[in-house]
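Novice:
Residue numbers (the UniProt record's numbering): 1 to 347.
1. For the candidate residues 82, 257 and 163, whose alpha-carbon lies nearest to that of residue 323?
2. Report the three-state DSSP secondary structure of residue 24 (helix, strand or coil).
3. Please work out which residues of its chain come closer than 6 Å, Cβ to Cβ, to residue 45, disregarding the five sequence neighbours upstream and downstream, and give them in chain order.
4. Just how far apart, CA to CA, sit residue 152 and residue 193?
5. Just verifying my parser: in three-state terms, what is the DSSP assignment at residue 60?
6. Go ahead and label residue 6 buried or exposed: buried means 16 or more other beta carbons lie within 10 angstroms of its beta carbon, across all protein chains shown.
7. Pair every Cβ in the stretch 155-175 with every Cβ in the stretch 306-326, then say whether three or more of these pairs are closer than 8 Å.
8. Buried or exposed for residue 179, going by 16 or more other Cβ atoms inside 10 Å?
9. Would DSSP call residue 134 helix, strand or coil?
10. Residue 295 to residue 228, Cα distance in whole Å?
11. State the beta-bridge partners of residue 304 as determined by DSSP.
12. Are residue 84 and residue 54 touching if we call contact CB-CB under 8 Å?
13. Out of 285, 284, 286 and 267, point me to the one whose CA is closest to residue 278's CA.
14. Looking only at C-alpha atoms, which of 102, 123, 105 and 118 sits nearest to residue 111?
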């Protein structure tokens, strides 16, 4: 882990997805000690700032460039990573950031967002913890995900926490995958696994604020490639009460799915296939669900126009986590925290 206070030709994106983790395993590495570690990978780079100053977008770019340079110095060949996402918290300040390029050439990122100075110190510690975890298991697959014939390539792993005293925290994590060998020369298929969590203030800060409503959203209409087609999403329909939820978002004959246990909540599907977005309304309507950490793991997949290799960076989708909390006492006051990842892909 590195605590942070080039190539002229763009690597072909599809070639990168097939080669990293396979061909690179036999690449000649130049950095001292890298050969013993196998395929090239960067260290985890960490940046921290206090609430008054925050971490700027330029600083985040610097951290990413440093990790990419380190990856290439150890035998990698990345002019750009397959995908990137920019954190966009509403009324929050980025105070902690960690970033790594793993042995498969996949970016792994954590963003800590504070709504107040008190929360910043905790998020500094969380960024360091996630950096250690990235270094420890950088090539591990997303837990619980089943795929078919390794058809789905991981292209991005993102994590974010948005915390504000006394309300609580909202977690916004994603795994982005691209379908390889789809046989389609005009379009590409992408899928996202979303880990959405709300931790109420009564648990996080000892306040009276509890979970009210969670609203995760996968907005595939926010792209500039064209012809977006939301192909699959789950969970579908309304699910009431504690139960096991099976998610299946495979497409093009390639399976992709996982399962999770829904707590005693009501999940309402408010998606719009014609509008190319999937969204859910998770109503925390039991004392246990309101007062304890809860959430869901939805997913979706989308076909979108394929761009020419070397043509640049394109907006793919917005992944949103919005959590509304309410004062569990006599007051009916509510407060929400909202975090968006603007996900982009490089061709």
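Think of the CB as a built atom: it goes at the ideal place given N, C-alpha and C, for glycine as much as any other residue.
Quick caveat: nothing in here was measured; it's all calculated off a predicted structure.
Specialist: According to the data block:
1. 163
2. Annotation note: pLDDT 34 at residue 24 (below 50); position unreliable, coordinate value reported separately. Residue 24 falls in the helix class under three-state DSSP.
3. Correct list, in chain order: 2, 4, 63, 66, 67 and 99.
4. 12 Å
5. Of the three classes helix, strand and coil, the one that applies to residue 60 here is helix, per DSSP.
6. Summary for residue 6: the model assigns pLDDT 33, below 50, so the residue's position carries little reliability; its value from the coordinates is reported in the next sentence. It counts as exposed.
7. yes
8. buried
9. helix
10. 28 Å
11. 188
12. no
13. 267
14. 123
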